[in-house]
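**Q** Counting in numbering that gives the first Met the number 0, the sequence shown runs from 0 upward without gaps.
Quick one: the structure is below, and I'll ask about it shortly.
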Amino acid sequence: MWEKLTHLFRVPELRKRILFTLGAIIIFRLGTHIPVPGVDPEALKNFFAQQGGGLFDFLNMFTGGALKRFSLFALGVMPYINASIIFSLLTAVVPKLKEMQQQGREGQRKITMYTRWSTLALAIVQAATMSMLIVNAGMASGSVWFYVMSIITLTTGTIYLMWLGERMTENGIGNGISMIIMIGILARFPAQLATTYNDITTGSVSPFWGIALILLFIVVIGGVTMIQQGQRKIVIQYAKRTSGRRVYGGHMSHLPIRVNQGGVIPIIFASALLTIPLTLTQFIPSLSFLTPYVTNGSYTYIIAYVLLIFFFTYFYSSIVFDPKDVAKNVRDSGGFIPGVRPGKPTADYISGVLNRILLVGAVFLAGIAVLPYLFAWVSGIRGMYLIGGTSLLIVVGVGLDTIMQIEAHLVMRHYESLTKSGGLLGRRKG
0 MWEKLTHLFR
10 VPELRKRILF
20 TLGAIIIFRL
30 GTHIPVPGVD
40 PEALKNFFAQ
50 QGGGLFDFLN
60 MFTGGALKRF
70 SLFALGVMPY
80 INASIIFSLL
90 TAVVPKLKEM
100 QQQGREGQRK
110 ITMYTRWSTL
120 ALAIVQAATM
130 SMLIVNAGMA
140 SGSVWFYVMS
150 IITLTTGTIY
160 LMWLGERMTE
170 NGIGNGISMI
180 IMIGILARFP
190 AQLATTYNDI
200 TTGSVSPFWG
210 IALILLFIVV
220 IGGVTMIQQG
230 QRKIVIQYAK
240 RTSGRRVYGG
250 HMSHLPIRVN
260 QGGVIPIIFA
270 SALLTIPLTL
280 TQFIPSLSFL
290 TPYVTNGSYT
300 YIIAYVLLIF
310 FFTYFYSSIV
320 FDPKDVAKNV
330 RDSGGFIPGV
340 RPGKPTADYI
350 SGVLNRILLV
360 GAVFLAGIAV
370 LPYLFAWVSG
380 IRGMYLIGGT
390 SLLIVVGVGL
400 DTIMQIEAHL
410 VMRHYESLTK
420 SGGLLGRRKG
């Protein structure tokens with residue numbers, strides 16, 4: 000184990016990326032402790048103590064405790080996630096945006112720019128809303144100075160996190176935004192585990208449920224690992240072709256289709272969308288009657304959560320994996336699926352396999368996400384939203400993606416070392 004860790008730092012490019020990621024994580028964690036000026040910390044502490052298990056505790060999970068401190072990064076990356084959801088949906092229904100997406104790098108650059116501007120607008124609105132809540136709850140004065148300072152600080156924090164996440168994706172390891180969310184969740188784990196342990200030692204929760212919780216952890220982590228790495232391989236046969244005296248092709252290959260094409264994106268998008276109705280009930284008194292139905296852990300919340308996981312599993316897959324393009328690439332490279340004609344029949348076959356695989360993945364994701372809620376109802380353990388399915392799905396999913404990217408860098412490094420040493424070039428010259 001130690002040899003593998005030291006080997007990571009022997010590769011200059013990988014070492015540089017890992018250190019950049021670690022530096023970005025440290026900056027993120029420091030930012031969660033820089034408070035917005037003008038807020039009474041004691042009143043803020045009392046407010047969150049009264050809101051235990053509600054919307055603000057749930058949002059606090061995604062910000063790594065920044066919301067509870069009302070700090071620079073109190074909004075986290077939620078405005079960016081919501082903006083990304085909006086443009087993902089718009090791209091599917093607005094022909095101009097869909098055409099723009101198909102223009103390659105230039106089109107993607109424009110959509111990214113629109114997403115950034117939308118993030119800015121959403122951050123300003125959410126910052127103003129949070130500032131109003133703080134004032135109405137008596138945690139700060141309602142002066143113009145406080146509103147201006149609070150909105151500027153919170154908006155700047157979100158924009159900086161968006162920029163930091165993009166830099167982490169480009170210069171670090173893994174997806175930057177997902178990494179920020181994962182680190183935020185991990186930062187809240189110790190406190191929640193301490194609360195659970197205290198409930199068990201004081202007799203509020205039976206030790207039996209403590210052991211059952213550990214087993215649930217193992218099941219969820221094992222299930223997420225299996226679903227993240229699971230894939231269906233479609234056999235691709237390449238026809239023989241002759242060039243001069245040489246015969247090329249005639250070999251078999253595989254087209255891997257992942258069970259979970261979207262990774263943790265369906266979970267993150269579903270969780271982000273479900274915070275919107277609960278937020279509205281908190282700030283619009285006339286909608287307060289809906290609170291029991293949209294509260295995290297309610298029957299209607301869980302049903303909506305499952306439906307959104309299914310929707311985003313299929314929707315995101317349609318964005319990242321197009322059976323028509325895959326079928327065209329297979330045909331152009333001289334390959335075919337045994338027993339299936341090239342062209343549209345191949346695309347239909349791949350699409351059918353993909354839909355069946357995605358159904359399995361969506362059912363599994365939804366099951367793992369819902370299981371902790373069922374466990375909480377039976378055991379009475381508080382805060383299962385934090386140490387339960389949603390958070391573990393994100394943590395394990397992002398962790399696995401990061402490990403896979405590190406392995407890809409190591410494989411590439413190994414290939415480059417062979418090339419430079421003449422291991423491959425020498426054979427060609429010979």
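Backbone N, C-alpha and C fix where the C-beta goes; we use that ideal spot for every residue, glycine too.
1) Determine the closest residue to residue 17 out of 368, 372, 173, with distance taken between C-alpha atoms.
2) Which first and last residues belong to the alpha helix (DSSP H) in which residue 125 is found?
3) Helix, strand or coil for residue 72 per DSSP?
4) Run through the DSSP bridge pairs and tell me what residue 184 is partnered with.
5) Which whole runs of the alpha helix (DSSP H) in the region 260-332 are 4 residues long or more, in chain order?
6) Can you tell me which of the three DSSP states residue 84 falls into?
7) Indicate whether the contact test is met: 3 or more Cβ pairs, each with one atom in the region 220-240 and one in the region 358-370, closer than 8 angstroms.
8) Shorter than 8 angstroms from the beta carbon of residue 286 to some beta carbon of chain D?
9) Under a three-way DSSP split, which group does residue 227 fall into?
10) Closer than 7 angstroms: is that where the CB of residue 68 sits relative to any heavy atom of the ligand MN?
11) Looking only at its own chain, which residues have a Cβ that is under 7 angstroms from the Cβ of residue 164, when we skip the five neighbours before and after it?
12) As an exercise, report each continuous beta strand (DSSP E) stretch of at least 3 residues that is fully enclosed by the region 186-211, in chain order.
13) Roughly how many whole angstroms lie between the Cα atoms of residue 371 and residue 401?
14) Could you give the distance in angstroms between the alpha-carbon of residue 27 and the alpha-carbon of residue 329?
15) Can at least three beta-carbon pairs, one atom from the region 293-301 and one from the region 259-279, be found at a separation below 8 angstroms?
16) Whole-angstrom Cβ separation of residue 357 and residue 312, contact assumed at under 8 angstroms?
17) With a threshold of 8 angstroms, are at least 3 pairs of Cβ atoms found where one atom belongs to the region 111-119 and the other to the region 148-166?
18) Could you give the C-beta distance for residue 60 and residue 390, rounded to a whole number, given that I count them as a contact under 8 angstroms?
19) Answer yes or no: do residue 127 and residue 158 have a C-beta to C-beta separation smaller than 8 angstroms?
20) Assign residue 260 to buried or exposed, taking buried as 16 or more other Cβ atoms, counted over all protein chains shown, within 10 Å of its Cβ.
21) Using a Cβ-Cβ cut-off of 7 angstroms (strictly less than) and excluding sequence neighbours within five positions of residue 303, which residues of its own chain qualify?
22) Quick check: the Cα distance between residue 83 and residue 267, rounded to an integer number of angstroms?
23) Closest to residue 225 by C-alpha separation, out of 145, 359, 97, would be which residue?
24) Report the three-state DSSP secondary structure of residue 257 (helix, strand or coil).
25) For residue 236, which three-state DSSP category applies?
26) Since residue 35 and residue 69 are thought to touch, with beta carbons under 8 angstroms apart, how far apart are those beta carbons, to the nearest angstrom?
27) Rounded to the nearest angstrom, what separates residue 253 and residue 233 at their Cα positions?
28) By a C-beta neighbour count over all protein chains shown, 10 Å radius and 16 as the cutoff for buried, is residue 21 buried or exposed?
29) Verify whether the separation of the beta carbon atoms of residue 344 and residue 335 is less than 8 angstroms.
30) Are the CB atoms of residue 125 and residue 78 within a distance shorter than 8 angstroms?
31) Using 10 angstroms around the beta-carbon of residue 208, count the other beta-carbons present and answer buried if the total reaches 16, otherwise exposed.
32) From 398, 367, 13, pick the residue whose C-alpha is nearest to that of residue 492; which is it?
33) Let me know if residue 200 comes out buried or exposed under the rule of 16 or more other beta-carbons within 10 Å of its beta-carbon.
34) Would you kindly report the start and end of the unbroken alpha helix (DSSP H) that includes residue 347?
35) Give the straight-line distance between the Cα atoms of residue 81 and residue 213, rounded to the nearest whole angstrom.
**A** Let me lay it out:
1) 173
2) 104-135
3) coil
4) In the DSSP output, where bridge partners are listed per residue, residue 184 has none listed.
5) 264-282, 290-293, 298-319, 322-331
6) helix
7) yes
8) In the structure shown, chain D does not exist; there is a single protein chain.
9) helix
10) The ligand MN is absent from the structure shown, which contains no ligand whatsoever.
11) 76, 175, 176, 179
12) none
13) 25 angstroms
14) 44 angstroms
15) yes
16) 6 angstroms
17) yes
18) 7 angstroms
19) no
20) buried
21) 273
22) 11 angstroms
23) 359
24) strand
25) strand
26) 5 angstroms
27) 5 angstroms
28) exposed
29) no
30) yes
31) buried
32) The structure shown does not extend to residue 492, since the chain is modelled only from 0 through 429, so no value can be given for it.
33) exposed
34) 343-378
35) 33 angstroms
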